[in-house]
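Engineer: In terms of this note's numbering, the sequence shown opens at residue 1 and continues consecutively.
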Amino acid sequence: MKRLAECVFAGAALFAAAAHGGSVDSVVRLLDARVAGSARSHAEAAAEVAADAARGKCLQQYVVMLFARDENAPAAFRLDAQTLADYRAASASRIRALAERTNNPLAWYLVALDAGDTNLLKRASDGGNVQAMNAWGTLCVERASSRGVSANAAERLLAEGTACFKRAAELGDANGNYNLGACLSRGAASADADGKAFACFRKAAEKGHTEAINAIGSFFREGRSVPRDLAAAAKWFKKSADCGNAYGAFNYALALRRGEGVEKDPKAAAEWFRRAADGGCEEAEVAYAVALFKGDGVDANAAEAFRRFRIAAEKGNAAAMDNLAACYARGQGAAADERLSLEWKMRARAARGDRAAQTWLDRLK
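Encoded structure:
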C-alpha cells in the first residue's frame, strides 16, 4: 500500500514540473470527473485545464488535445483544429519523453490513451496510476463478457479486473470504490455482494462520486442490503442530480412522476427528464419524449417528441424505436409512412435480439 501511494505522489510531483506552473490538481480532477458521471465537475476542471493550456502549459495542452476527441467533450476543449494541432506539436513528444525518462505512471496513462495502446495502459496500471487501474480493470471486465471467451478465461478476467478496482479503492480512489461496488453488485466476486457493494458506494459517495450517489439511491429504492426507503432514495437521487449526473436526474424524475418518496409532480418530473436527456441519458430521452407527446407536465409537442425519439432510437434504444414506428404509423410528429413504420418496428425487434427481424433488415441493405 505504501509503495503504491508513493508512486502516485511521485507522479504528481513530476507532473507539477511538466506543468510549468499550471495546476496538476485540475488535471487529476478532470481525469476522475471524466468517468465519474459529474458533468459539472468535469466542466469546471476542464475550464481550469484549458486556461492553463492557453497560457502555454505543456501538460495541460496535451490533456486538452487528447480529450477534445471525446464525443461529449466539455465546451472548454472544443477548440479549432489548428489550435489542437499546435498543442500536439508542443506537448506530445515532451510527455512521451517524460514517461520514458522517469517511467512515470500518469504519463504512461496519458500516452496510452493517446496511442490506444493497451500494453502501455497495463504498464501504467502496474505502476500505480489509479486512473489506469480503473481503465484496465474496466477493459478486463468488458473482455470477460465478450463473445467466444471461455468460462475459465472470463473468470480470470473478472478476477483481474476486480483486483485492479480493489487496488485503486484501497488507495482511497472514488472511481475505484465505485467500480468495485459495481462488480460486487453484479455478484462478480463475493457471496455477500450487495452489502459489500453498498459499502463501496458509500465510500465513493463520501468523495462526491455522483454515480455512486445515484447507486445508493437505487439500493434504498429496491431495498437491497438496506431497508426499502423511498424517501431516502429520492434524496440520494436528488443529490446526484444536483451534481449534474444524468442518471441521478432520471431516477429523481421517475420518483417525481410516480410520487415515490416525494409528492407527485408531473411538471417537475418532465423538467428533470429533460435535464437527464440533455445530459445523455437515453432512457430519459424516451421518457421526456413521451411526456412531450402526451403533454404530461409539459406543453404537448409531437414534433419535438418525434425528434427526441429519433435521437434515442439512433443510439439503439428499442423503446424509442417502437415509438418512432408508432409516430410514422399515425402521422404524429412526422408525415405518415407505412414503410418507415415497419422498418423501425423491425429495428426494435432486432435490438431485442430477434434474429428474424435482423435478417429482414439485412435484406434492405
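The C-beta atom is built at its ideal place from N, Cα and C for all residues, glycine as well. Predicted model only: the values in this text are computed from it and were never measured.
Give a yes or no on whether the C-beta atoms belonging to Gly195 and Ser225 are separated by under 8 Å.
Structural biologist: Going by C-beta atoms, Gly195 is nearer than 8 Å to Ser225.
Engineer: Once you ignore the five residues that flank Tyr288 on each side, which residues in its own chain have a CB closer than 7 Å to its CB?
Structural biologist: Once the five neighbours on either side are set aside, the close Cβ partners of Tyr288 are Ala270, Phe273, Arg274, Ala277 and Arg308.
Engineer: Out of curiosity, what's the CA-to-CA distance linking Lys365 and Arg349?
Structural biologist: Taking the straight line from one Cα to the other gives about 17 Å.
Engineer: Cα separation between Ala356 and Glu285?
Structural biologist: Their backbone Cα atoms lie some 28 Å apart in a straight line.
Engineer: If the criterion is Cβ atoms closer than 8 Å, does the pair Gly208 and Phe237 meet it?
Structural biologist: No, these two residues do not count as a Cβ contact at 8 Å.
Engineer: Counting C-beta neighbours from all protein chains within 10 Å, is the total for Lys264 16 or more, i.e. buried, or is it exposed?
Structural biologist: Lys264 is exposed by the Cβ-count criterion.
Engineer: At what residue ranges does the stretch 81-147 contain a whole run of the alpha helix (DSSP H), taking only runs of 4 or more?
Structural biologist: The qualifying runs are 81-102, 105-115, 118-126 and 130-144.
Engineer: Once DSSP output is grouped into helix, strand and coil, what is the label at Gly21?
Structural biologist: Confidence at Gly21 is low in this model, with a pLDDT of 48, below 50, so the placement of that residue is unreliable and no value is reported for it.
Engineer: Could you check what DSSP says for Ala356 in three-state terms: helix, strand or coil?
Structural biologist: Helix at Ala356.
Engineer: Give the range of the alpha helix (DSSP H) segment to which Pro74 is assigned.
Structural biologist: Unbroken run through Pro74: none, as it is neither H nor E.
Engineer: Helix, strand or coil for Ala10, going by three-state DSSP, please let me know.
Structural biologist: Residue confidence for Ala10 is low, a pLDDT of 36 falling below 50, so the modelled location carries little weight; the figure read from the coordinates is stated next. Helix at Ala10.
Engineer: Going by C-alpha distance, which of Val24, Asp25, Ala33 and Glu71 is nearest Leu204?
Structural biologist: Checking the sequence, you will find Ala at residue 204 rather than Leu. With distances taken between Cα atoms, Ala204 lies closest to Ala33.
Engineer: Mind checking which residues open and close the alpha helix (DSSP H) that includes Ala234?
Structural biologist: Note, Ala234: alpha helix (DSSP H), Leu230 to Asp242.
Engineer: How about Leu178 and Asn214: are their beta carbons less than 8 Å apart?
Structural biologist: At residue 178 the sequence reads Tyr, which differs from the Leu that was named. It is not a contact, given that the beta carbons lie outside the stated cut-off.
Engineer: Would you call the CB atoms of Ala46 and Pro74 closer than 8 Å?
Structural biologist: Yes. Within cutoff.
Engineer: In the DSSP assignment, find the alpha helix (DSSP H) that holds Ser38 and state where it starts and stops.
Structural biologist: Per DSSP, Ser38 belongs to no alpha helix (DSSP H) and is neither H nor E.
Engineer: Distance check for Leu113 and Lys235, CA to CA, integer angstroms please.
Structural biologist: If I take the Cα positions, the gap works out to 37 Å.
Engineer: Could you tell me which of Gly333, Lys345 and Val63 sits nearest to Ala89, measuring between CA atoms?
Structural biologist: Considering only alpha carbons, the answer is Val63.
Engineer: If distances are taken between C-alpha atoms only, which option among Gly261, Asn245, Phe293 and Val298 comes closest to Ala268?
Structural biologist: Checking every option, the nearest Cα to that of Ala268 belongs to Val298.
Engineer: Of the residues Ala85, Ala255, Ala159 and Ala291, which one's Cα is nearest the Cα of Met65?
Structural biologist: Nearest option by C-alpha distance: Ala85.
Engineer: Between which two residues does the alpha helix (DSSP H) holding Gln61 run?
Structural biologist: Run containing Gln61: Cys58 to Phe67, per the alpha helix (DSSP H) assignment.
Engineer: In the DSSP assignment, find the unbroken alpha helix (DSSP H) run with Asn214 in it and report its ends.
Structural biologist: It spans Thr210 to Glu222 - the alpha helix (DSSP H) in which Asn214 sits, taken as one unbroken run.
Engineer: With 16 other CB atoms within 10 Å as the buried threshold, where does Ala336 fall?
Structural biologist: When all chains shown are included, Ala336 counts as exposed.
Engineer: Quick one: grab the DSSP three-state call for Arg363.
Structural biologist: In the structure shown, Arg363 sits in coil (DSSP, three-state: anything other than H, G, I, E or B).
Engineer: Thinking C-beta only, is Arg40 closer than 8 Å to Gly244?
Structural biologist: In contact: Gly244 and Arg40 (Cβ atoms closer than 8 Å).
Engineer: In this structure, how does DSSP classify Ala336 when only helix, strand and coil are distinguished?
Structural biologist: Three-state DSSP puts Ala336 in coil, outside helix and strand.
Engineer: Within a Cβ cutoff of 8 Å, which residues of the same chain sit near Asn103, ignoring the five residues on either side of it in sequence?
Structural biologist: Here the set comprises Gly127.
Engineer: Tell me where the alpha helix (DSSP H) around Asp192 begins and ends.
Structural biologist: Careful: Asp192 lies outside any alpha helix (DSSP H) and carries neither H nor E.
Engineer: Thinking C-beta only, is Ala107 closer than 8 Å to Ala99?
Structural biologist: Taking 8 Å as the Cβ cut-off, Ala99 and Ala107 qualify as a contacting pair.
Engineer: Would you mind sorting Arg352 into buried or exposed? The rule is 16 or more other CB atoms within 10 Å of its CB.
Structural biologist: Exposed, because fewer than 16 other Cβ atoms sit within 10 Å of the Cβ of Arg352.
Engineer: Please report how far the alpha carbon of Leu139 lies from the alpha carbon of Ser146, in whole angstroms.
Structural biologist: Each residue's alpha carbon lies about 11 Å from the other.
Engineer: Going by alpha carbons, who is nearest to Ala169 out of Ala199, Ala151 and Arg156?
Structural biologist: Per the Cα distances, Ala199.
Engineer: Taking the beta carbon of Ala68 as the centre, do at least 16 other beta carbons fall within 10 Å, making it buried, or is it exposed?
Structural biologist: So Ala68 ends up on the buried side.
Engineer: Once DSSP output is grouped into helix, strand and coil, what is the label at Val28?
Structural biologist: If DSSP states are grouped into helix, strand and coil, Val28 belongs with the helices.
Engineer: With a cut-off of 8 Å on the beta carbons, I'd call Ala320 and Ala312 a contact; round off their distance for me.
Structural biologist: Confirmed, about 4 Å.
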